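Novice: Throughout, our numbering is defined as the position within the sequence shown, counted from one, plus 360. Beta carbons are placed, not taken as given, at the ideal position from N, Cα and C, and that holds for glycine. In this text the structure is predicted, and so the values were computed from the model without any measurement.
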Amino acid sequence: MEILPTVMPPTRGEVLFLHIAVSSNEIGAMLFANRRGIQIPIYFVSRALPDVEQSYSALEKLILALIHATRRLRRYFKVHPIRVLTDKPVERAFLSPERTQRVIKWARELEKYDIEYGDGNLFKGRNDEPPEACESNMSSNKKPL
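#1: Identify whether GLU386 lies in helix, strand or coil by the three-state DSSP scheme.
#2: Going by alpha carbons, who is nearest to TYR473 out of LEU391, ARG435, TYR403 and LEU455?
#3: How big is the Cα-Cα spacing for ARG459 and SER417?
#4: Are VAL309 and HIS428 close, meaning C-beta to C-beta below 8 Å?
#5: How far does the beta strand (DSSP E) with VAL405 in it reach, from first residue to last?
If you want it as structure tokens, here you go:
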């Protein structure tokens, strides 16, 4: 019988990982720590999207999920470096010349946190590399807009 991980508090300064997910009518984010190759859940947030937000592009919905997570989990974002795991070019959307005013506003809001973006291959069964190897695929949000 498999033992399922329980929600546990992180240790101070520990690198935390955030997996963001969206659908046509809801957004969600799971914050977790990676301890000895085991993903330990810390917190999960989600919400339904009102009609106006359902018309956002898929990339805008991903950024909105990240914004929602930073607002709801602010205490974690303030004291921990966060690695956002997604296979979508979230960071590129902040630098795109076609970005919307809403994306510019969100980018400014995210600048105050220590956030790096990388691929979502940290989950078990998707990648056999240790977490240290995944860190090289990360890029920081500390670039000028």
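Specialist: This is what the structure gives:
#1: The three-state reading of DSSP puts GLU386 in strand, counting E and B together.
#2: ARG435
#3: Between the alpha carbons of ARG459 and SER417 lies a gap of roughly 11 Å.
#4: This structure cannot speak to residue 309, because the chain is shown only from 361 to 505.
#5: 398–408
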